[in-house]
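Enquirer: Below are the structure tokens for one structure; questions will follow.
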Amino acid sequence: MTGTRRRRTGAEADGGERAFLAGYDARRYPHPSLTTDVVLVSAAEGTLHTLVVRRGDHPDKGKWALPGGFVRLEEGLDAAAARVLADKAGLEGVFLEQLYTFGEPGRDPRTRVVTVAYYALVDHGRFLEASRRSSDVVVARIEVPWDGETGGPVALAGPDGGALPLAFDHAEIVGMAVKRLRGKLDYTPVGFQLLPAAFTLLELQRVHETVLGRPLNKDSFRRRMLASGELEATGRSEREVDHRPAELYRFARRRAI
């Protein structure tokens, strides 16, 4: 009897929930639209770069925006971020991680829009390939006006050095990505994602200096990296250089993406 009563109770609960859901009207409650924006980051020549797309439609027509788009009803957030990165930058299989949620009322004049921002890390070679897809896609230098992990909006400069006006709150989103990278650099292997598969210790140091925005002591950096267990020698050296070829290393625990 107890087992029968338990089964009936469960069936009644299931039936009640089905009836509730059948009559539920989501239009009774206002709800925001959901987008995802991706800060694509690379490091080259002592500067962090990101990729932006010129907006062809209102609002903020003619301004520059991060690769982004509305999340489809049938897809998850990670899938949406990967999709917009593939559609607008032609990049797949890169390091992609959720950054922060931006939901200030009025950030988008069309309607109430909340965006879940991601950051993606690639070496500069792949980055340049992505920028060649269209004249409306450019590589911009990230100009950080604050030290350390202070945080805040940043400015972007185009290939000619001129300032690029950014759409919406994308200056704050890029600034948050820089702050996150600086905070994670010492305890996660994010720096390796900004390099090709094989690299020299000097190239690794330059990436760290570029992210942090300050110089590092060469000897102490080398000792720390070699003792970290995160590097392994490839057995190869640089080629076609006008100085003594440096040994090439790779990330010993490059995670699957």
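Read left to right, the sequence shown gives residues 1 to 257 (the UniProt record's numbering). Where is the CB? At the ideal position from N, CA and C, for every residue including glycine.
1. Kindly indicate which residue of L51, D60, M225 and F20 has the alpha-carbon position closest to the one of A89.
2. Rounding to the nearest angstrom, what Cα-Cα distance links P109 and V71 in this structure?
3. If you pair each beta-carbon of the region 143-161 with each one of the region 117-130, do three or more pairs fall below 8 Å?
4. Does H243 get closer than 7 Å to chain C when you measure Cβ to Cβ?
5. Am I right that F102 and T115 are in contact with their C-beta atoms under 8 Å? What's the rounded C-beta distance?
6. Does the Cβ of L204 have 16 or more other Cβ atoms within 10 Å, making it buried, or fewer, making it exposed?
7. Near P245, which residues of its chain fall below 8 Å by C-beta distance, leaving aside the five closest residues on each side in sequence?
8. What does the alpha-carbon distance come out to for the pair A78 and Q98?
9. Measure the alpha-carbon distance for G93 versus S42 and round it to whole angstroms.
10. For A80, which residues in the same chain have their Cβ closer than 6 Å to its Cβ, ignoring the five residues on either side in sequence?
11. With a threshold of 16 other CB atoms inside 10 Å of the CB of V241, please say whether the residue is buried or exposed.
12. For my contact list, residue 302 and V137 are in at a C-beta cut-off of 8 Å; report their separation, rounded to the angstrom.
13. How big is the Cα-Cα spacing for R132 and V139?
14. Is the beta carbon of T210 sitting closer than 7 Å to the one on G76?
15. One question on the structure: do I173 and V154 come within less than 7 Å of each other, judged by their Cβ atoms?
16. Would you mind listing the alpha helix (DSSP H) stretches within the UniProt domain "Nudix hydrolase" (38-126) that are 4+ residues and don't spill past its ends, in chain order?
17. Have a look at L248 and A198 and give me their C-alpha separation to the nearest angstrom.
Expert: Per the coordinate set shown:
1. L51
2. 18 Å
3. no
4. Looking at the structure shown, chain C is missing, and only one protein chain is on hand.
5. Confirmed, about 5 Å.
6. buried
7. S237, E238 and R239
8. It should be noted that the sequence gives Asp, not Ala, for residue 78. The alpha-carbon atoms of D78 and Q98 are separated by roughly 8 Å.
9. Across the structure, G93 and S42 are spaced so that their CA atoms are roughly 15 Å apart.
10. T36 and V71
11. exposed
12. As displayed, the chain neither begins before 1 nor continues past 257, which places residue 302 out of reach and without an answer.
13. 9 Å
14. no
15. no
16. 77-89
17. 6 Å
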